[in-house]
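Numbering (the working numbering), first residue to last: 16 to 312. The C-beta atom is built at its ideal place from N, Cα and C for all residues, glycine as well. All of these numbers come straight from a predicted model, not from anything done at the bench. For reference, the structure is listed below as structure tokens.
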Amino acid sequence: MQFSSKKPQFQDLKNKWTARHRSLQNKLWDKHSQALNWLGKNVPGKQLAIGSLGGLMLLTTPASTALNNQQYLNSATIVAQEDQNTLLAKRLKEALPADVRPLTTIEEDQIGKILSDSFDFQVLAQLQGKKLNRSYGLIGGEQHLYRYPGDTLEAHAKNSQDWAMYGSSGIAPGLGAWGYFAHSQQDFTDRDEARERYYIAVQTFLSPGFAERVAEYRDFFKFRKMLLVNPKTGQSVVTVIGDAGPAQWTGKHLGGSPEVMEAVGLAKGPRKGPVLYFFIDDPDDKIPLGPLRAKNL
Numbered sequence: 016m017q018f019s020s021k022k023p024q025f026q027d028l029k030n031k032w033t034a035r036h037r038s039l040q041n042k043l044w045d046k047h048s049q050a051l052n053w054l055g056k057n058v059p060g061k062q063l064a065i066g067s068l069g070g071l072m073l074l075t076t077p078a079s080t081a082l083n084n085q086q087y088l089n090s091a092t093i094v095a096q097e098d099q100n101t102l103l104a105k106r107l108k109e110a111l112p113a114d115v116r117p118l119t120t121i122e123e124d125q126i127g128k129i130l131s132d133s134f135d136f137q138v139l140a141q142l143q144g145k146k147l148n149r150s151y152g153l154i155g156g157e158q159h160l161y162r163y164p165g166d167t168l169e170a171h172a173k174n175s176q177d178w179a180m181y182g183s184s185g186i187a188p189g190l191g192a193w194g195y196f197a198h199s200q201q202d203f204t205d206r207d208e209a210r211e212r213y214y215i216a217v218q219t220f221l222s223p224g225f226a227e228r229v230a231e232y233r234d235f236f237k238f239r240k241m242l243l244v245n246p247k248t249g250q251s252v253v254t255v256i257g258d259a260g261p262a263q264w265t266g267k268h269l270g271g272s273p274e275v276m277e278a279v280g281l282a283k284g285p286r287k288g289p290v291l292y293f294f295i296d297d298p299d300d301k302i303p304l305g306p307l308r309a310k311n312l
């Protein structure tokens, strides 16, 4: 027999069940935050299964206090990535101003510390004596960029799903600020592919000191690695500066590739929203580009 979820009695039951599940989940975090934070630091997101009521009840019983970290790993089922994103968003909300404006130095330092602590690498608003005109602004969706001479929009897609998700974004008629990502298709590497896939366009031309030292600043900003965070959701992605723009009259402060917009949850609707964008201090290029989640919340 099938029951319609639209009937009031079943909707009420669903609401009670959801509330009970959330209550147990909150109690879980209250009582076992140390162990769960250990899981967040030591277990890849893909190995943490989506939470079930049974798993939550197991961890909220008195006997669970004797379990060690390995037993938590084997028994607990939690929605780790979503919870980490939510916690990061909560911390950022407490530190950010109500309106999307340039942050003060004190605010940038505070946000930089939150992000550095959350991701286990150094995140800064200023690097090597250089900074952008702002580190908190409105992002808009951008098109794909030509990666090498003869590149095509179709060549950007890894598979049919990739094409379905990002093909409609199109490809910009001109090159990015730094030209092609590779001199030829033969020279095109996985690193080049990742740079175009996860690029952002920022207003480098408005940076303090840019007009006086154009060549120096141009070389500094070229493919400079940055952390981009949606403060409303905590969704984050490691990117590179792959283009300059947008123009001031657009009302936007930076742009993101189709993949970047998807990573921070802004690929649908108006394809626009507030984001934080800070430099990553990674001189040895060890931090991979792409989406990531906070670890230490």
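Figure out for me which residue from the options has the closest Cα to the Cα of residue i.
i: Asp299; options: Pro117, Lys145, Gln137; result: Gln137
i: His198; options: Asp166, Asn174, Glu157; result: Asp166
i: Glu211; options: Asn174, Met180, Glu157, Phe220; result: Glu157
i: Trp193; options: Tyr214, Phe225, Lys173, Ile154; result: Tyr214
i: Ala209; options: Arg286, Gly305, Lys146; result: Gly305
i: Leu160; options: Val290, Lys145, Gly144, Gly185; result: Gly185
i: Arg239; options: Gly284, Gln143, Leu111; result: Gln143
i: Pro330; options: Leu130, Lys105, Lys145; result: An answer regarding residue 330 cannot be provided, because it is not within the stretch 16 to 312 covered by the chain.
i: Phe134; options: Gln250, Gly271, Leu269; result: Gln250
i: Arg4; options: Asn174, His268, Val244, Asp234; result: Nothing can be reported for residue 4, as the shown portion of the chain is limited to 16 through 312.
i: Ala278; options: Gly152, Leu307, Ala172, Asp132; result: Leu307
i: Phe225; options: His171, Ala259, Gly270, Leu269; result: Ala259
How long is the line joining the alpha carbons of residue i and residue j, rounded to whole angstroms?
i: Pro164; j: Tyr195; result: 7 Å
i: Leu118; j: Asn148; result: 10 Å
i: Phe203; j: Arg162; result: 8 Å
i: Ile295; j: Gln99; result: 20 Å
i: Lys301; j: Ala113; result: 35 Å
i: Ala230; j: Ala282; result: 34 Å
i: Ser183; j: Lys237; result: 27 Å
i: Thr219; j: Gln176; result: 34 Å
i: Met72; j: Leu103; result: Unreliable positioning characterises Met72 in this predicted model, as indicated by a pLDDT of 41, which lies under 50. The coordinate reading is nonetheless provided below. Roughly 26 Å between the two C-alpha positions.
i: Leu139; j: Val217; result: 16 Å
i: Pro188; j: Glu227; result: 30 Å
i: Trp178; j: Tyr232; result: 35 Å
i: Glu109; j: Gln125; result: 11 Å
i: Phe293; j: Met180; result: 27 Å
i: Phe235; j: Gln141; result: 12 Å
i: Ser131; j: Leu242; result: 10 Å
i: Lys247; j: Asn174; result: 31 Å
i: Leu291; j: Gly152; result: 7 Å
i: Asp297; j: Val252; result: 15 Å
i: Asp207; j: Gly280; result: 24 Å
i: Leu111; j: Ala172; result: 37 Å
i: Val255; j: His268; result: 16 Å
i: Met276; j: Thr101; result: 18 Å
i: Gly271; j: Ile129; result: 23 Å
i: Gln201; j: Arg286; result: 34 Å
In the DSSP output, which residue or residues are listed as bridge partners for residue i?
i: Ile186; result: His159
i: Ala209; result: DSSP lists no partner for Ala209.
i: Gly329; result: Only positions 16 to 312 of the chain appear in the structure, and residue 329 is not among them; the question remains open.
i: Ile215; result: Ile256, Gly271
i: Met180; result: None, per the DSSP bridge assignment.
i: Ile154; result: Leu269, Gly288
i: Met241; result: Thr254, Phe294
i: Val115; result: For Val115, which the question treats as bridged, DSSP gives no partner whatsoever.
i: Gln141; result: Lys146
i: Pro306; result: Val252
i: Gly127; result: DSSP, once it has assigned bridges, lists no residue as partnering Gly127.
i: Gly194; result: Gly191
Applying the 10 Å Cβ sphere with the 16-neighbour rule, what's the burial state of residue i?
i: Ala309; result: buried
i: Trp264; result: exposed
i: Gly69; result: Interpretation of Gly69 is limited by its pLDDT of 41, a score under 50 that renders its predicted location unreliable; no figure is taken from the coordinates.
i: Ile121; result: exposed
i: Gly266; result: exposed
i: Glu274; result: buried
i: Arg116; result: exposed
i: Asp205; result: exposed
i: Gly284; result: exposed
i: Pro303; result: exposed
For residue i and residue j, which I take to be in contact (beta-carbon distance under 8 Å), what is that distance rounded to the nearest angstrom?
i: Ser150; j: Glu169; result: About 36 Å separates the two Cβ atoms, so there is no contact after all.
i: Gly191; j: Gly288; result: Not a contact, Cβ separation roughly 22 Å.
i: Gly14; j: Pro261; result: Examination of residue 14 is not possible in this model, given that the chain is present from 16 through 312 alone.
Compare the C-beta of residue i against all C-beta atoms of chain D and say whether one is closer than 9 Å.
i: Tyr214; result: Note that chain D does not occur in the displayed structure, where there is just one protein chain.
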